[in-house]
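This report concerns only the one structure given below.
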Amino acid sequence: MADERRILTRDQHSISRRQISDNALKVLYRLNKSGYDAYLVGGGVRDLLLGKQPKDFDIVTDATPEQIKRLFSNCRLVGRRFRLAHVVFGRDVIEVATFRGHHHKVNTSKHISSQSDEGMLLRDNVYGTIEEDAERRDFTVNALYYSIKDFSLHDFHGGLDDLDAGTLELIGDPETRYREDPVRMLRAIRFAAKLDLNISERSAAPIRELAPLLQDIPPARLFEETLKLFQAGHALKTYHLLREYGLFAPLFPQVATLLTKENNSPFERFLEQALTNTDDRVAADLPVTPAFFYAALLWGVVEKRSRDFANESTLPPQDTLLLAMNEAIDQQIKTIAIPRRFTSDVREIWLLQDRLPRRSGKRAERLFAHPRFRAAFDFLELRGRIDGRLKELIQWWAEYQQANAGQRDELASHSPAVAHGSPADDEPSERAKPRRRRRRSPRRPKEGAA
Ligand code: ATP
Ligand code: MG
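Sequential numbering of the sequence shown, starting at 1030, is according to the working numbering.
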């Protein structure tokens, strides 16, 4: 029951071949010359129409993955859930998909198509026509096709009108579409934030109730999605939208327990600073790393749990910090599979927060040479914007970085042993050996457990 197809000829729309990457054009032309239909589709078309530079160019064709592979020597087939062809030009990878069809037509083989009890699509390799392909896409603005044959633009679900109106609208029945793939709820937030579109009322309505379905999504896929959500230059807006739509808690359950209705706790203000900082860096074309994001995101949890452990035990602060760090990461990776190379950086950024206050003797020099020093200092600066007590420490390290070797020795010899705001004392020898645990007195009052 696809809507009427609307076709704009070459002179009726603004997309020109000059805006499309050479590699994408190469693939489109080769497919076309070999007798296949070939279209640019998805974000590439949508972003060009909005006057933005697309992140990548997705291609769709009536050739099967095997037929595509035969056309390109630099092609590999990937994906189980969605079988796709990747045509590889050095670091540039052009994704080529085959038109998707409907499930009910061929559902005899589990290898071709399968659905979970909750209505989620597990396999999705039924091929079909362009009309069917359009109907299977998520949003109307993502179902616009640019034909390489005659440079016409094909709109199957009113995506052009929605782009004009600034509306993000799901194709089909929203609840069914979110149940099929709950990640579409995150994609709605991502496109709303990135493209400044309003999620239509009917597409927004079921999200709050269906948000818990994100729990069924594989953690590795959610890690990829959070990168797109938070590293694309619109992290702050994305964060607000996720909270508004009840999607934050299923992604970051521990962090959600710290959020307040008023949204003005010190941690919330810190997190907003961190997200703003990330957005500024993206805007300035500076590198951003998921390690910094996760370090900031989970920092409130680590601080709170570290205090809890201190209140419940006689462990030294360094040990309660370690316990809190491990717990925060272990809990988070149950929902989002943060790769180990990033969690190890996250840990270092946190551990350095504990070490930066201790600068005397050779310590400052060693800290300064640490590969994560810069990230840890940036993190400290962010904390300082909320916590005025860190001012002296930040100032000191700022001067240290500017100073020459002689001045550095001088600074180090005058540094206070411990600065305010540090959870640690100045006894490095204590770090490695956990004290023998005293039996807890039953009468000991529990302080600061709130
Ligand atoms: P961008 O690449 O800028 O993040 P995009 O819209 O191109 O945005 P991709 O993930 O590259 O997003 O997907 C390409 C296209 O594939 C989409 O525009 C959409 O038509 C379709 N698509 C992707 N993911 C889904 C999904 N989960 N459900 C339905 N259609 C999808
Ligand atoms: Mg894309």
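Glycine is no exception: its CB is placed at the ideal position from the N, C-alpha and C atoms. Owing to the predicted nature of the structure, the values given are computational and were not obtained by experimental measurement.
On the three-state DSSP scale, how would you describe residue i?
{"i": "residue 1356", "result": "helix"}
{"i": "residue 1184", "result": "strand"}
{"i": "residue 1174", "result": "strand"}
{"i": "residue 1087", "result": "strand"}
{"i": "residue 1112", "result": "coil"}
{"i": "residue 1502", "result": "Outside the modelled stretch of the chain, which goes from 1030 to 1479, sits residue 1502, for which no answer is possible."}
{"i": "residue 1233", "result": "helix"}
{"i": "residue 1261", "result": "coil"}
{"i": "residue 1281", "result": "coil"}
{"i": "residue 1121", "result": "strand"}
{"i": "residue 1103", "result": "coil"}
{"i": "residue 1035", "result": "strand"}
{"i": "residue 1227", "result": "strand"}
{"i": "residue 1483", "result": "The shown model of the chain, from 1030 to 1479, leaves out residue 1483, and the question about it has no answer."}
{"i": "residue 1156", "result": "strand"}
{"i": "residue 1196", "result": "strand"}
{"i": "residue 1069", "result": "strand"}
{"i": "residue 1043", "result": "coil"}
{"i": "residue 1049", "result": "coil"}
Just to confirm my understanding: we take residue i, look at its own chain, exclude 5 residues before and 5 after, and list those with CB closer than 6 Å. What are they?
{"i": "residue 1411", "result": "1302, 1303"}
{"i": "residue 1275", "result": "1237, 1240"}
{"i": "residue 1259", "result": "1322"}
{"i": "residue 1117", "result": "1103"}
{"i": "residue 1458", "result": "Low confidence applies to residue 1458: its pLDDT is 39, below 50, so where it sits in the model is not reliable, and the reading given next is rough at best. Excluding sequence neighbours, residue 1458 sits near nothing in its chain."}
{"i": "residue 1449", "result": "Note on residue 1449: pLDDT 46, under 50, position unreliable in the model; no value is reported."}
{"i": "residue 1046", "result": "none"}
Please determine, among the options, the residue with the shortest C-alpha to C-alpha distance to residue i.
{"i": "residue 1287", "options": "1327, 1091, 1421, 1237", "result": "1327"}
{"i": "residue 1244", "options": "1262, 1131, 1212", "result": "1212"}
{"i": "residue 1113", "options": "1101, 1085, 1094, 1163", "result": "1094"}
{"i": "residue 1054", "options": "1067, 1256, 1042", "result": "1067"}
{"i": "residue 1165", "options": "1210, 1369, 1314", "result": "1210"}
{"i": "residue 1075", "options": "1368, 1169, 1089, 1300", "result": "1169"}
{"i": "residue 1371", "options": "1310, 1318, 1057", "result": "1318"}
{"i": "residue 1299", "options": "1390, 1414, 1404", "result": "1414"}
{"i": "residue 1369", "options": "1346, 1394, 1320", "result": "1320"}
{"i": "residue 1329", "options": "1080, 1425, 1356, 1083", "result": "1356"}
{"i": "residue 1081", "options": "1062, 1057, 1058, 1048", "result": "1048"}
{"i": "residue 1361", "options": "1278, 1057, 1041", "result": "1278"}
{"i": "residue 1079", "options": "1107, 1421, 1439, 1191", "result": "1191"}
{"i": "residue 1444", "options": "1420, 1433, 1401, 1393", "result": "1393"}
{"i": "residue 1250", "options": "1365, 1162, 1334, 1316", "result": "1365"}
{"i": "residue 1437", "options": "1396, 1290, 1105", "result": "1396"}
{"i": "residue 1145", "options": "1121, 1110, 1086", "result": "1110"}
{"i": "residue 1050", "options": "1106, 1122, 1294, 1174", "result": "1122"}
{"i": "residue 1483", "options": "1273, 1056, 1247", "result": "Nothing about residue 1483 can be reported from this structure: the residues present for the chain run from 1030 to 1479 only."}
{"i": "residue 1088", "options": "1033, 1119, 1173, 1043", "result": "1173"}
So, at 7 Å on beta carbons, what are the nonlocal neighbours of residue i in its own chain, with the 5 sequence-adjacent residues on each side left out?
{"i": "residue 1222", "result": "1263, 1266, 1267, 1270"}
{"i": "residue 1232", "result": "1197, 1198, 1199, 1203, 1217"}
{"i": "residue 1338", "result": "1344, 1349, 1352, 1353"}
{"i": "residue 1324", "result": "1375, 1378, 1379, 1408"}
{"i": "residue 1084", "result": "1072"}
{"i": "residue 1285", "result": "1277, 1278"}
{"i": "residue 1461", "result": "Legend: pLDDT at residue 1461 = 42, less than 50; position of this residue unreliable, value from coordinates given subsequently. For residue 1461, where only same-chain residues beyond five positions count, there are no Cβ hits under 7 Å."}
{"i": "residue 1305", "result": "1265"}
{"i": "residue 1219", "result": "1257, 1258, 1267"}
{"i": "residue 1495", "result": "As displayed, the chain neither begins before 1030 nor continues past 1479, which places residue 1495 out of reach and without an answer."}
{"i": "residue 1423", "result": "1409, 1410, 1413"}
Any beta carbon of chain C sitting closer than 7 Å to that of residue i?
{"i": "residue 1065", "result": "As a matter of chain content, chain C is missing from the structure shown, which is built from one protein chain."}
Which same chain residues end up closer than 8 Å to residue i when comparing Cβ atoms and leaving out the 5 residues on each side of it in sequence?
{"i": "residue 1096", "result": "1065"}
{"i": "residue 1090", "result": "1060, 1065, 1066, 1067, 1068, 1097, 1125, 1126, 1127, 1128"}
{"i": "residue 1194", "result": "none"}
{"i": "residue 1100", "result": "1059, 1060, 1063, 1092"}
{"i": "residue 1041", "result": "1182"}
{"i": "residue 1161", "result": "1031, 1128, 1129, 1130, 1131"}
{"i": "residue 1206", "result": "1167, 1199, 1200, 1213"}
{"i": "residue 1289", "result": "1297"}
Quick check on the DSSP output: what are the complete alpha helix (DSSP H) runs of length 4 or more inside the segment 1291-1378, in order along the chain? 1295-1312, 1319-1341, 1346-1364
Does the structure place the segment 1427-1446 close enough to the segment 1368-1380 that three or more beta carbon pairs sit under 8 Å? Contact fails: fewer than three Cβ-Cβ distances are below 8 Å.
Quick test of the definition: if touching needs 3 or more C-beta pairs under 8 Å, does the segment 1175-1183 touch the segment 1030-1046? Segments in contact, yes.
In chain order, what are the residue ranges of uninterrupted alpha helix (DSSP H) at least 4 long that sit wholly in the segment 1382-1408? Within the segment 1382-1408, the alpha helix (DSSP H) runs of at least 4 residues that lie entirely inside it are, in chain order, 1392-1398.
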